[in-house]
Every structure is written in C-alpha cells, then in structure tokens.
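Yeah, the sequence shown ends on 726 if you go by the numbering used here, and it's all consecutive.
Where is the CB? At the ideal position from N, CA and C, for every residue including glycine.
Structure first, commentary second.
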Amino acid sequence: MQSKFLFLIGGLLAIAACSSGQKKQEATMPATIVQTTKEVTIPVVAQPSAKTESKQNEIVCERGQEKRTLYIEAVEPKGCKLWYSHYSTKDPVASSKIANTHCEKVQTIIRGHLEEAKFNCSGGEATVAKTMVATTTPATTPAPTATPKATVAPTPTPTPAAKHSPTPKPSSSATPAASPTATPAKK
C-alpha cells in the first residue's frame with residue numbers, strides 16, 4: 540500500500556515538473572511584438588531539366604529482348620535512391636541520406652555485373668569514366684619483367700612437447716665424459 544502511494548506521488552510530481560516549464564516560457568514572452576520587415580531578393584538558379592538529369596543518372600542495359608534499367612533518384616535534402624527495373628518490376632536497391640556517392644558506387648557495381656552477363660549498357664556517368672580512362676592510357680605499355688624473388692626458409696616453431704623437454708648440452712667428440720651416454724647416472 541505504501542509503495543503504491545509513493546509511486547502515485549512520484550508520477551504526479553513528474554507530470555507537474557514537465558508541464559510547469561512550458562507555462563513559464565509563455566509568461567516571460569513580451570506582450571508587444573515589434574514586427575520588422577526586410578525585403579529579401581532570392582536569386583533564381585536554373586534547375587536542370589528532368590531529361591538532362593535522367594540522362595546522367597540512368598543506365599539502360601540490353602541483351603536481346605531483355606532490358607534492365609538503373610536510375611538514381613535524388614532525395615531531399617541531399618540523398619539518393621537507386622532503382623533497378625527488369626521485366627515489369629521496379630525495386631529500390633540502394634539509398635543514402637548523406638550523398639549520391641553510395642548510389643553511384645552500387646550503380647557501377649551492378650552495371651559491371653550486367654556487362655559480365657553480356658548485357659550492352661549505355662548511359663550514365665560510367666561511360667564517361669570509361670572513355671576517359673581509355674584516352675588517357677598510353678598506346679603501348681612496356682611488358683613487366685619477371686624478377687626472381689628470394690625465398691626465405693620459415694623458422695621452425697617449437698611444439699608443446701619440445702618446450703618442456705630438457706635441452707641436451709652440446710657435446711664434443713674429444714671428451715667422452717661430457718657426453719650424456721658415456722657417464723652413468725648417479726642416484
């Protein structure tokens with residue numbers, strides 16, 4: 540009975556403590572609010588059209604009658620969503636809330652898999668990157684020369700039995716008394 544009473548009082552105090560802070564803020568606000576207006580001009584920036592954006596973000600891969608599409612959709616404020624469509628389905632396969640780089644990486648990976656499966660892909664920024672690589676590499680590259688590698692024998696690791704066994708003392712063949720087999724054991 541006593542614990543129920545304490546629990547009830549504690550709950551009421553918590554509710555009262557949370558609600559009293561808001562009333563104080565309303566009471567301290569000034570009675571008169573002075574409004575100031577300022578004219579602000581916002582420069583109009585030309586937005587890229589949807590056709591331009593889709594050409595940069597859409598990759599179409601075809602093989603015979605099959606058609607696959609990878610499309611990056613911009614998500615506000617600066618995220619992305621990668622859509623993959625095949626046959627009649629369209630599914631999101633990647634998304635990011637931070638930047639487009641994640642969607643672009645996944646799009647490049649999927650494009651590579653489709654090209655390995657003999658799809659002919661066109662569109663997107665990956666084609667620009669491929670042509671730039673092809674034009675910047677020299678026409679002839681020297682063949683790599685084979686250099687022999689030095690082999691190093693691995694160091695033997697002691698086995699648990701070898702760790703605990705006594706190590707024999709070095710013996711010399713000139714003194715038979717020093718060898719462990721020549722001297723009888725004393726008790």
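DSSP bridge partner residues for residue i (one or two, in chain order)
{"i": "His-652", "result": "None, per the DSSP bridge assignment."}
{"i": "His-625", "result": "Arg-607 and Thr-628"}
{"i": "Gly-618", "result": "Val-614"}
{"i": "Asn-659", "result": "Glu-601"}
{"i": "Ser-635", "result": "Cys-619"}
CA-to-CA distance, residue j to residue i, given in whole angstroms
{"i": "Ser-542", "j": "Ala-553", "result": "16 angstroms"}
{"i": "Leu-609", "j": "Tyr-623", "result": "5 angstroms"}
{"i": "Ile-598", "j": "Gly-550", "result": "59 angstroms"}
{"i": "Phe-546", "j": "Ala-555", "result": "14 angstroms"}
{"i": "Glu-605", "j": "His-625", "result": "8 angstroms"}
{"i": "Asn-659", "j": "Ile-649", "result": "13 angstroms"}
{"i": "Thr-670", "j": "Gly-651", "result": "Low local confidence applies: a pLDDT of 32 at Thr-670 is under 50, so the model's placement there is unreliable, with the coordinate-based value given in what follows. In a straight line, the C-alpha of Thr-670 is about 15 angstroms away from that of Gly-651."}
Residues near residue i by beta carbon distance below 6 angstroms, same chain, minus five either side
{"i": "Leu-621", "result": "Ile-611, Val-632, Ala-633, Cys-642, Val-645 and Gln-646"}
{"i": "Lys-636", "result": "Gly-618"}
{"i": "Val-614", "result": "Lys-620"}
{"i": "Asp-630", "result": "Tyr-623"}
Contact set for residue i: own chain, Cβ-Cβ below 7 angstroms, skip 5 residues either direction
{"i": "Ala-585", "result": "Confidence at Ala-585 is low in this model, with a pLDDT of 47, below 50, so its placement is unreliable and no value can be given for it."}
{"i": "Lys-657", "result": "Arg-602"}
{"i": "Leu-653", "result": "Cys-600, Arg-607 and Cys-660"}
{"i": "Gly-662", "result": "Lys-594, Glu-597, Ile-598 and Val-599"}
Cβ-based neighbour list, residue i, same chain, cut-off 8 angstroms, excluding 5 preceding and 5 following
{"i": "Thr-640", "result": "none"}
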